[in-house]
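Chemist: Residue numbers (this note's numbering): 755 to 1172. For each residue, glycine too, the CB sits at the ideal point set by N, CA and C. Take a look at the following structure, please.
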């Protein structure tokens, strides 16, 4: 059942699926006008001539073809701009944007509605009452298109821009954290040691783990009366020799294959069940902004703020459990997520005071929010501080960063300096 829901979820994210569905619905509405004709009074239908409907449908079909082409060109341009100026990984979220998909699908549906209506009128498919129903349907379709167009115009003002991309990545990471069913570890990788004498379960392909069907694994484990340790968590790169999981006893090849089918392995990582991927993409955005060709520390500062909100979502979900249940629910590690961000930003922004100061403030804030996380974030802050000292930066800026570092981790709460 989980696999079916995942397939349906993936299908509904495809732009062609939404466009095809709305297009079929529009064609159905255009043809259904003749079947709804008996509900229209004859006197009302005589007031609407075939020419009036035909002219409106002609304008609708012509304009919607142009708007559809323009919208598609705008989307492709935004995808290319995001891949070139932000990070190619962010385009996945732009492609799956519901507003963009609804706009393109509605415009395409309006075009098909107009074409089908014109063809049906030219073949005398409608009677007088049918033309009246078609006219009412046309008015409703135009109203729907106008509302969609207004929303699309508002979306286009920021679609694919830097702030929009950072927000989408942040929201995707937080949504993945919310969906996570296993325990949350503050430090380390959150995985207990591999049992002695355990049997490895391996897959049959090379790629990234994108989803783990815990319900299927739980059913298999109950049948085998065994314990499992999942190591092929979403985001992990695996191959045919890499263990996906460990079973605490000997199992048959058939049992191993059944468990392996619970792991979805694809060519690319996905945001849905992989919170670390969101942090990786945020770090990529910050690193590109800090490159000499771009030199945009402001974007890096915005990314750090977004990453702090993601880390706070992990803290909110944190529990004292260090391991999963018998189904092997895998742990989400805050340390691993923060390392993805701080190592790249600490390296690429080592000589930029604003970035280093904000990074120290962010880590200090997390330490104050969670005493359990303090040793881990303090270590990351010390590493970033060491990179700053080793960089080509003035003594005055080093002093400011050191002051931000000391204020961020002082015992009494207070505002951090930058």
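What does DSSP give as the partner residue(s) for residue 1087 in the beta ladder?
Modeler: DSSP, once it has assigned bridges, lists 939 as partnering residue 1087.
Chemist: Under the three-state reduction of DSSP, which class applies to residue 1079: helix, strand or coil?
Modeler: Bear in mind that a pLDDT of 39 at residue 1079, under 50, signals an unreliable position, so the number given afterwards is only what the model happens to contain. Three-state DSSP puts residue 1079 in coil, outside helix and strand.
Chemist: With DSSP run on the structure shown, which of helix, strand or coil describes residue 1164?
Modeler: Note: residue 1164 maps to coil in three-state DSSP.
Chemist: Applying the 10 Å Cβ sphere with the 16-neighbour rule, what's the burial state of residue 800?
Modeler: Residue confidence is low: residue 800 scores 49 on pLDDT, short of 50, so the model does not pin down where it sits. No coordinate-derived value is stated.
Chemist: Considering only their Cβ atoms, is the gap separating residue 776 from residue 892 smaller than 8 Å?
Modeler: Against a cut-off of 8 Å, the Cβ pair of residue 776 and residue 892 comes out as no contact.
Chemist: On a Cα-Cα basis, can you pick out the residue from 822, 1110, 1151 that is closest to residue 858?
Modeler: If we check each option's Cα against that of residue 858, 822 comes out closest.
Chemist: Going by DSSP, name the residue or residues bridged to residue 1020.
Modeler: Residue 1020 is bridged to 962.
Chemist: Could you say which of 1007, 974, 1016, 1068 lies nearest to residue 987 if we only look at CA atoms?
Modeler: For the residues 1007, 974, 1016, 1068, the minimum Cα distance to residue 987 belongs to 1016.
Chemist: Can you confirm whether the region 901-908 touches the region 1037-1048 when touching is taken to mean that 3 or more C-beta pairs between the two stretches lie within less than 8 Å?
Modeler: Contact fails: fewer than three Cβ-Cβ distances are below 8 Å.
Chemist: Under 8 Å, do residue 910 and residue 828 count as touching if we go by C-beta distance?
Modeler: It is a contact, given that the beta carbons lie within the stated cut-off.
Chemist: Between residue 1176 and residue 1039, which are expected to be in contact by the criterion C-beta below 8 Å, what is the C-beta distance as a whole number of angstroms?
Modeler: With the chain running from 755 to 1172 in the structure shown, residue 1176 is simply not present.
Chemist: From 877, 1022, 772, 1126, pick the residue whose C-alpha is nearest to that of residue 863; which is it?
Modeler: It is 772 whose Cα lies nearest to the Cα of residue 863.
Chemist: Could you check which residue in 819, 810, 890, 818 has the C-alpha nearest to that of residue 786?
Modeler: Checking every option, the nearest Cα to that of residue 786 belongs to 890.
Chemist: Is it right to say residue 1035 is buried, meaning 16 or more other beta carbons lie within 10 angstroms of its own, or is it exposed?
Modeler: Flag for residue 1035 reads buried.
Chemist: Going by other Cβ atoms of all chains shown within 10 Å of its Cβ, with 16 needed for buried, is residue 1056 buried or exposed?
Modeler: So residue 1056 ends up on the buried side.
Chemist: So, at 6 Å on beta carbons, what are the nonlocal neighbours of residue 960 in its own chain, with the 5 sequence-adjacent residues on each side left out?
Modeler: Correct list, in chain order: 993.
Chemist: My output table needs one value for residue 946: the three-state DSSP class, helix, strand or coil.
Modeler: Residue 946 falls in the coil class under three-state DSSP.
Chemist: DSSP three-state label for residue 956, please.
Modeler: Here residue 956 sits in strand by DSSP.
Chemist: Mind checking which residues open and close the alpha helix (DSSP H) that includes residue 890?
Modeler: From DSSP, the alpha helix (DSSP H) with residue 890 extends over 882-910.
Chemist: Assuming the contact rule is C-beta atoms closer than 8 Å, residue 1114 and residue 1162 should be a hit. Round their C-beta distance to whole Å, please.
Modeler: Contact flag correct, Cβ pair sits at about 5 Å.
Chemist: Taking only the alpha-carbon atoms, compute the straight-line gap between residue 923 and residue 877 and give it to the nearest angstrom.
Modeler: Their backbone Cα atoms lie some 51 Å apart in a straight line.
Chemist: Given this structure, state the Cα-to-Cα distance separating residue 894 from residue 783, to the nearest angstrom.
Modeler: Distance between the alpha carbons of residue 894 and residue 783 is about 11 Å.
Chemist: Could you check whether residue 914 and residue 836 sit closer than 8 Å to each other, using their CB atoms as the reference points?
Modeler: Contact: yes.
Chemist: List the DSSP bridge partners of residue 1177.
Modeler: Since the first residue of the chain shown is 755 and the last is 1172, residue 1177 is not available in this structure.
Chemist: Please go through the same chain and pick out, in chain order, the residues whose beta-carbon is closer than 8 Å to the beta-carbon of residue 980, but skip the five residues on each side of it.
Modeler: These residues qualify, in order along the chain: 1001, 1002, 1003, 1005.
Chemist: Select from 806, 830, 846 the residue whose C-alpha is nearest the C-alpha of residue 764.
Modeler: Closest option to residue 764, Cα to Cα, is 846.
Chemist: Exposed or buried, which one is residue 1155 when buried takes at least 16 other CB atoms within 10 Å?
Modeler: It is buried - the Cβ of residue 1155 has at least 16 other Cβ atoms within 10 Å.
Chemist: Quick one: Cα of residue 1103 to Cα of residue 1043, how far?
Modeler: Going from the Cα of residue 1103 to the Cα of residue 1043 covers about 10 Å.
Chemist: What does the alpha-carbon distance come out to for the pair residue 778 and residue 809?
Modeler: Going from the Cα of residue 778 to the Cα of residue 809 covers about 23 Å.
Chemist: Quick one: Cα of residue 930 to Cα of residue 819, how far?
Modeler: So the alpha carbons of these two residues sit roughly 37 Å apart.
Chemist: Determine the contact status of residue 1095 and residue 1033, defining contact as a CB-CB distance below 8 Å.
Modeler: Yes. Within cutoff.
Chemist: Mapping the DSSP letters down to three states, classify residue 799 as helix, strand or coil.
Modeler: Its pLDDT being 49, under 50, residue 799 is placed unreliably in this model, and the value from its coordinates should be taken loosely. Here residue 799 sits in helix by DSSP.
Chemist: Straight-line CA distance for residue 1141 to residue 1100?
Modeler: Distance between the alpha carbons of residue 1141 and residue 1100 is about 7 Å.
Chemist: As a quick exercise: from 1025, 1037, 928, pick the residue whose alpha carbon is nearest that of residue 990.
Modeler: Comparing Cα positions, the closest option is 1025.
Chemist: Identify whether residue 1046 lies in helix, strand or coil by the three-state DSSP scheme.
Modeler: Three-state DSSP puts residue 1046 in coil, outside helix and strand.
Chemist: Out of 969, 1136, 1144, which one is the CA nearest neighbour of residue 1158?
Modeler: It is 1136.
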